[in-house]
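Student:
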Amino acid sequence: MAWYLPSTISRRLMSAARGWGKRPSATFFQPGLWSQMSGHRGLANTKPNNHISRKHQVAIMAVSGSALAAIFLYRQTPARMDSGPEKPGVVSRVNAAEKAPMVTLPLDGQEPTSHSRILFYERLYEESGDTALDLPQEDAILTTAPSVPPPITRDYPVLLNVSLTTSTKLVQLTNQYKYEQWTFNGTVPGPFIRARAGDVINLTLTNRDATGNPHNIDCHAFTGPGGGATLTTAEENESKTARFKLLYPGLFLYHCAAAPVPVHIANGMYGLIYVEPASPSGGPTLPPVDREYYVMQSEFYHEPPEVDDDGRPARTVEFSYPGGMREEPNIVVFNGHEAALTRDKPLKANAGETVRVFFGNVGPNLTSAFHVIGSNFLRAYRDGDVLSPPGRFVSTVVVPPGGATVVDMNMVVPGTYALVDHAIFRLDKGAVGFLNVSGAPRPDISGSVGAAGAPCVGCKLHA
Ligand SMILES: [Cu+2]
1 MAWYLPSTIS
11 RRLMSAARGW
21 GKRPSATFFQ
31 PGLWSQMSGH
41 RGLANTKPNN
51 HISRKHQVAI
61 MAVSGSALAA
71 IFLYRQTPAR
81 MDSGPEKPGV
91 VSRVNAAEKA
101 PMVTLPLDGQ
111 EPTSHSRILF
121 YERLYEESGD
131 TALDLPQEDA
141 ILTTAPSVPP
151 PITRDYPVLL
161 NVSLTTSTKL
171 VQLTNQYKYE
181 QWTFNGTVPG
191 PFIRARAGDV
201 INLTLTNRDA
211 TGNPHNIDCH
221 AFTGPGGGAT
231 LTTAEENESK
241 TARFKLLYPG
251 LFLYHCAAAP
261 VPVHIANGMY
271 GLIYVEPASP
281 SGGPTLPPVD
291 REYYVMQSEF
301 YHEPPEVDDD
311 GRPARTVEFS
321 YPGGMREEPN
331 IVVFNGHEAA
341 LTRDKPLKAN
351 AGETVRVFFG
361 NVGPNLTSAF
371 HVIGSNFLRA
381 YRDGDVLSPP
391 GRFVSTVVVP
401 PGGATVVDMN
411 MVVPGTYALV
421 DHAIFRLDKG
431 AVGFLNVSGA
441 PRPDISGSVG
451 AAGAPCVGCK
461 LHA
């Protein structure tokens, strides 16, 4: 869901902060000037100033306080790339304030993050006119979790046709209970969409939900009110088509935002879109890997089972709005149901391969501490940010509701690796998946001394 007012305020504050850094008045903070303005007495001097009236002193303090707050906000900006182009051998004023300049060394053949590349995205919105019809058209390859569409090899933008259809589906949510999910294209999570920055998504949403609920798409990769929700709301048996230019790269959630929004999200209406970077030269994107997978964490809230005519508890449970309000899920799962990544479609790899997981967390309430037991993230593109240098050798990443991350792993030792939310009681609510790695043992890295051990009885993690 987009939150317009806070982000608007934030942008204004950031803009104001940047403006301070560019104006000559930024020299206001030089110690020498401070001494001149305070009659060489310094800030601690509380005596009346002979040269500046008390009224002016109050004004100066007010302005300086605001400016200091602006500088503080500026320094909190997660990406410093927008502080203007850097010249070789010149450390910008902002970077000089840091302990070290930004790291720009290439890692694993990856192109260093450059100002020109960032500016490319900052200005992508500036093109005017409806150019979508001039673009070549393609139908998006949509995949069901845990599959991911192949990497994009083209170096030009297209009009990318994406068709999503809503319907309901009774699924085996846990070993015990069935549950009627609200779906995009019949699956929870919905299809994985892969595109390229600069593409125009030609989105058609068709509502085949026989319950009569309207549905729409709020996509975090779309720019505009509602993230597209206002343009795509479709009533039963209705189709809506709208176009959205992708102005920035990254991994993003999309979800239904029809009222009541929490109910539509809690019942299964969400998925991921990966917008690949596209510098003016067309690339490069993330480092190549051997396998890519799509994993989405979500919660389900249900009422206690009703009692059937035979006196037994029903095997199908219904959504619980009070449970959602209390933020106490009954079920926490990867890829829509309890067995999705264990019995049904565990992830697979061979020893020696690099595995990438596009991981999203829709919540709707819980923040995930995503972790793969026994492995480590060679690269962690936190918050789905694929332009900044990745974290290296990270064990656990925080993924808030509505957030996503891209993690790469080198699978070295064969065996079963468990994907978990390290808020570990959620394991017993269903939050576990397996990555099975085949290959020759590596006792030099992980081996027994003496008799080999065995998984503990009833273990859910080390099968
Ligand atoms: Cu909906």
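Per the UniProt record's numbering, residue 1 is the first one in the sequence shown, and the count goes up by one each step. Where is the CB? At the ideal position from N, CA and C, for every residue including glycine.
Do the CB positions of V200 and L253 come within less than 8 Å of each other?
Tutor: no
Student: Need the endpoints of the beta strand (DSSP E) that L272 sits in, please.
Tutor: Unbroken beta strand (DSSP E) run through L272: 270-276.
Student: Where N365 and V449 are concerned, what is the direct C-alpha to C-alpha distance, given to the nearest angstrom?
Tutor: 44 Å
Student: Roughly how many angstroms separate the alpha carbons of G391 and G212, rounded to a whole number?
Tutor: Within the model, the alpha-carbon separation for G391 versus G212 is close to 45 Å.
Student: Start and end of the alpha helix (DSSP H) containing G323?
Tutor: 321-326
Student: Are the stretch 336-343 and the stretch 356-373 touching by the rule of at least three beta carbon pairs closer than 8 Å?
Tutor: By the Cβ test, the stretch 336-343 is not in contact with the stretch 356-373, since fewer than three Cβ pairs between them sit closer than 8 Å.
Student: Taking the C-alpha atoms as reference points, what is the distance between E235 and A266?
Tutor: Cα-Cα distance, rounded: 19 Å.
Student: Helix or strand or just coil, what does DSSP make of E126?
Tutor: helix
Student: Can you round the beta-carbon distance between L203 and V162 to whole angstroms, since I take them to be within the 8 Å contact cut?
Tutor: 5 Å
Student: Bridge partners for D139 per DSSP, in chain order?
Tutor: N161
Student: Alpha carbon to alpha carbon, how far is V437 from G415? Give it in angstroms, no decimals.
Tutor: 5 Å
Student: Under 7 Å: does the beta carbon of N213 sit that close to some heavy atom of ligand 1?
Tutor: yes
Student: Between I9 and the rest of its own chain, which residues show a CB-CB distance below 8 Å, the 5 nearest in sequence each way excluded?
Tutor: Below a pLDDT of 50, predicted positions are generally treated as unreliable, and I9, at 35, falls in that range; the measurement from the model is reported next regardless. There are no such residues.
Student: Assuming Y294 contacts S147 under a Cβ cut-off of 8 Å, what Cβ separation, rounded to an integer in Å, is found between them?
Tutor: 6 Å between Cβ atoms; contact.
Student: Could you give the residue range of the beta strand (DSSP E) that holds I424?
Tutor: That residue, I424, is in no beta strand (DSSP E); it is neither H nor E in DSSP.
Student: With DSSP collapsed to three states, give me the class of I373.
Tutor: strand
Student: Mind checking whether the beta-carbon of M269 lies closer than 7 Å to any heavy atom of ligand 1?
Tutor: Look at M269: its beta carbon is less than 7 Å from one of the heavy atoms in ligand 1.
Student: Find the nearest neighbour of D155 within the set I193, P149, Y321, A197, judged by alpha-carbon distance.
Tutor: A197
Student: Among the residues of its own chain, which have a CB less than 8 Å from the CB of T183, if the five just before and after it don't count?
Tutor: Closer than 8 Å at Cβ, skipping near neighbours: T166, S167, T168, K169, G190, G268, M269.
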